[in-house]
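Inspection log for the structure reproduced underneath, given as structure tokens.
Number of protein chains: 2
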Amino acid sequence: MRGSRRQTIVDVAQRAGVSKSTAARALSNAPEISPATRDKVLAAARALGYERNHLAVGMRSGRSGMLGLVIPDIANPFWAEVARGAQDRAADAGASLLVFSSDWDHDREARHLQALRQARVEGVIINPVADSFDDLHRFGLPFVLIGSSAERFPDTSSVGSDITQAVRLGLDYLLSMGHRRPWLMLGPRWRIARARFLRAVNDHCLERDVDPASLPIEDGEYTVEGGHAAMTRILERDKSPHICVFAANDLMALGAMMAARDAGLNCPEQVSVLGFDGIPGGAFSWPGLTTIEKPARALGRRAVESLVDEIAGRADHSRIYLPCRLIERGSLADLSDAAVGSRQSERV
Amino acid sequence: MRGSRRQTIVDVAQRAGVSKSTAARALSNAPEISPATRDKVLAAARALGYERNHLAVGMRSGRSGMLGLVIPDIANPFWAEVARGAQDRAADAGASLLVFSSDWDHDREARHLQALRQARVEGVIINPVADSFDDLHRFGLPFVLIGSSAERFPDTSSVGSDITQAVRLGLDYLLSMGHRRPWLMLGPRWRIARARFLRAVNDHCLERDVDPASLPIEDGEYTVEGGHAAMTRILERDKSPHICVFAANDLMALGAMMAARDAGLNCPEQVSVLGFDGIPGGAFSWPGLTTIEKPARALGRRAVESLVDEIAGRADHSRIYLPCRLIERGSLADLSDAAVGSRQSERV
DNA sequence: TCCATTTCCGGGAACGTTACCGGGAAATCC
DNA sequence: GGATTTCCCGGTAACGTTCCCGGAAATGGA
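Printed below as a string of structure tokens:
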């Protein structure tokens, strides 16, 4: 059977004894057809093992049934989760997903966008490289932004995690654990996410009547090495008996924990670390990394939903911010009065 | 310009003053065209911002420029790396990749294969769910197997990691570190990978003149919890002063380390663990997980290369096994005579 | 019974590209 | 210089589907 020509809709029509128009109507369950002939056509299709040619459908109808996803790196666990969510949701909608990794590189991003346009995808979900604003507008296809760079682009739908809520969650948790003056370990100054994180911190400080300037800051790359280096600098400058760090990224947080251990300090006894992302690797460190988890999979799902709306013309240009979740694992000491009190009472 | 009709090849032809056949020849750089007219056409295409419609190309020529990738889970770090490699190589070949996750589920796999057929992909790279052998043969498209189930399918190209070499590497390393009788922590009996791992162990034992039956075995699920449970059982049965475990999977290995810690044992002082996979999370445990890394990204790349050959009719049905690599991090104690001797001499 | 309406179906034209065939002009050969 | 080849190029027919239009049959109401 390997060499036999592929069955087309005219084969189905012939076998069912109808015209190809009627066959097409039956196969795309259009309303203007009698149930009897519809069944006849469907039976013929099943008997022949007919499979609709999506290329031809896409060409004639303009709907290719394909969506594009352009993210920094599919091998990054966070983005892999996003891709998984998008993929699942796309499959539910009967669409396929073309996935591309940009590596934070303009040229790669541009090439991928061109490939997607040529493939005639119906829309694209993209986490754009920093300042490729113009390219996106020239793009001429429905698109939805995903991730942290949403707010730089007005009048476009976007899906991201709720940094404000996440930072509030984190700082309130730190306060409740008795850490009143945590170090903020942030990313490089040119990254958009940094400013957004910092703004959320400021807003929250004002709400809580705290002076934002009182929180010390240390910068580093968004990597384990960057976190290690930043933590080393912190330990040089801060000789407090207990040091608390709120890292803007789990990899940095893990690097910070390693740096503390290298300096002979124990976590969480002498050093407390709070991460941000929720990567799976955080569960394997010792102690496990307490962190704020971004809803990566849900992000991917919602992005597809927004994109489908956008394609359908229901372009509400909505900005969706999904809430984050605290995962307590053990990298944070409880220095609250309650905890200290109970410990003292135990000693008594 | 958003509403302007998309440019087609006839627009390009008109602007260049040639027929659309000639324009097509220029754009698909066919040989039978003079350099002068070719340049003219290309200039016109550039000026109009023409982009070739791949749907139409695929429909007419049969070459859609798309490849399929069906893996268990794109959110799994190992498979994400594979996907990344495949994606990069496909992009180099001018192809796009449709990625699907099967979740080790027959129905999902079947649905995805159908979607890929309907999308008219030129070929598929697949890590098939255990016994879906027949489905694959009925598939009627070029395909390449990736991962551990290769050898169950005769006469098909496959790309996988070299388990035999990996096991030899691991066991020889364990021997060199003085671990002569490691526990083997294997996956569930119904998994194909288990049998393959065990066979490699047997072969190597015969080479080294060791009785394979002398190596104790404990089974568990391929997860952190599975490894934890298996390790707990091992610790109940084995009261040796130092216990060594060779896990068939990094997640199990990490679970084993956690179980040892829960039992009050130190790694690597009292417990040595060797993993297998090379997932990024292994770098964050304490101590870092010493493991054998599978060349995930290269696997993806080679799979695409094999698939391209397969599609081109150069079907050599090659089986490719890529070598694995040892990553030393610290979860293994050196109990070799040399190490013990030097330690004793230090004491003197 | 007759006209109007609805229901259902067939015929043909697209969609944008490449494959194939044939032909004119230039180049080459004896 | 005529015959033959080579080199380019244009015209036309596909590829498989959906969309639009018109018409036949069935249905409804007076």
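Here the protein sequences come in this chain order: G and L.
Count along the first sequence from 1, add 1, and you get the number used in the working numbering.
Count along the second sequence from 1, add 1, and you get the number used in the working numbering.
Positions of the beta carbon are idealized from the N, C-alpha and C atoms, including for glycine.
{"Item": "Less than 8 Å between the C-beta atoms of G/Cys325 and G/Glu294, yes or no?", "Value": "yes"}
{"Item": "Whether or not the stretch 114 to 131 of chain L and the stretch 58 to 69 of chain L are in contact is what I'm after, with contact meaning three or more pairs of Cβ atoms, one per stretch, closer than 8 Å; do they touch?", "Value": "yes"}
{"Item": "Which partner residues does G/Arg320 have in the DSSP bridge list?", "Value": "G/Ser159"}
{"Item": "Could you check the C-alpha separation between G/Arg298 and L/Ser35 for me, to the nearest Å?", "Value": "53 Å"}
{"Item": "Helix, strand or coil for L/Trp184? Go by DSSP, reduced to three states.", "Value": "strand"}
{"Item": "What is the rounded straight-line gap between the Cα of L/Glu270 and the Cα of L/Ala231?", "Value": "20 Å"}
{"Item": "Would DSSP call L/Leu327 helix, strand or coil?", "Value": "strand"}
{"Item": "Would you kindly work out how many angstroms separate the C-alpha atoms of L/Pro78 and L/Thr291, rounded to a whole number?", "Value": "17 Å"}
{"Item": "Please determine, among L/Ala24, L/Tyr51, L/Gly59, L/Thr23, the residue with the shortest C-alpha to C-alpha distance to L/Arg6.", "Value": "L/Tyr51"}
{"Item": "Do G/Ser332 and G/Gly289 have their beta-carbon atoms positioned less than 8 Å apart in this structure?", "Value": "yes"}
{"Item": "Quick one: which chain G residues come within Cβ less than 7 Å of L/Gln271?", "Value": "Chain G residues near L/Gln271: none, gap ~16 Å exceeds 7 Å."}
{"Item": "What residues in the stretch 169 to 187 of chain G bring their beta carbon closer than 7 Å to a beta carbon of chain L?", "Value": "none"}
{"Item": "So, with DSSP's three-state summary, where would you put L/Ile280?", "Value": "coil"}
{"Item": "At a Cβ threshold of 8 Å, is G/Phe154 touching chain L?", "Value": "no"}
{"Item": "Return the residue from the list G/Ser97, G/Phe154, G/Ile127 that minimises the CA-CA distance to G/Phe144.", "Value": "G/Ile127"}
{"Item": "What's the call for L/Ile280, buried or exposed, on a 16-neighbour Cβ count within 10 Å?", "Value": "buried"}
{"Item": "For G/Arg303, count neighbouring Cβ atoms within 10 angstroms of its own Cβ and tell me buried if that reaches 16, exposed if not.", "Value": "buried"}
{"Item": "Check L/Phe285 in the structure and name its three-state DSSP category.", "Value": "coil"}
{"Item": "Relative to the alpha-carbon of L/Ile218, which residue among L/Asp210, L/Arg209, L/Met186, L/Val225 has its alpha-carbon at the smallest distance?", "Value": "L/Met186"}
{"Item": "Would you kindly work out how many angstroms separate the C-alpha atoms of L/Pro213 and L/Ala196, rounded to a whole number?", "Value": "14 Å"}
{"Item": "Does G/Ile75 have its Cβ less than 8 Å from a Cβ in chain L?", "Value": "yes"}
{"Item": "Check L/Leu290 in the structure and name its three-state DSSP category.", "Value": "coil"}
{"Item": "Within its chain, find whatever has a CB closer than 6 Å to the CB of G/Asp220; leave out the 5 residues flanking it on each side and keep chain order.", "Value": "Leu187"}
{"Item": "By how many angstroms is the C-alpha of L/Thr233 removed from the C-alpha of L/His318?", "Value": "44 Å"}
{"Item": "For G/Val202 and G/Glu208, what's the separation of their Cα atoms in angstroms?", "Value": "10 Å"}
{"Item": "What residue from G/Gly124, G/Glu123, G/Gly148, G/Asp106 has the CA that sits closest to G/Val130's CA?", "Value": "G/Asp106"}
{"Item": "Go ahead and label G/Pro296 buried or exposed: buried means 16 or more other beta carbons lie within 10 angstroms of its beta carbon, across all protein chains shown.", "Value": "buried"}
{"Item": "Taking the CB atoms as reference points, tell me whether L/Ala87 and L/Leu98 lie closer together than 8 Å.", "Value": "yes"}
{"Item": "Per DSSP, G/Cys245 is paired with what?", "Value": "G/Ser273"}
{"Item": "Nearest chain G C-beta to L/Arg3 closer than 8 Å, yes or no?", "Value": "At L/Arg3, the pLDDT of 42 sits below 50, so the modelled position is not reliable and the matter cannot be decided from this model."}
{"Item": "Look at L/Glu306 and L/Arg90 and say whether their C-beta atoms are less than 8 Å apart.", "Value": "yes"}
{"Item": "Taking C-alpha atoms, which residue in L/Ala94, L/Ile75, L/Gly179, L/Ser149 lies nearest to L/Ile312?", "Value": "L/Ala94"}
{"Item": "Under 8 Å between C-beta atoms, does G/Thr224 make it to chain L?", "Value": "no"}
{"Item": "Taking only the alpha-carbon atoms, compute the straight-line gap between G/Ile328 and G/Asn30 and give it to the nearest angstrom.", "Value": "47 Å"}
{"Item": "Using 8 Å as the threshold, is the C-beta distance between G/Phe277 and G/Asn250 below it?", "Value": "yes"}
{"Item": "Name, in chain order, the residues that DSSP records as bridge partners for L/Gly124.", "Value": "L/Leu68"}
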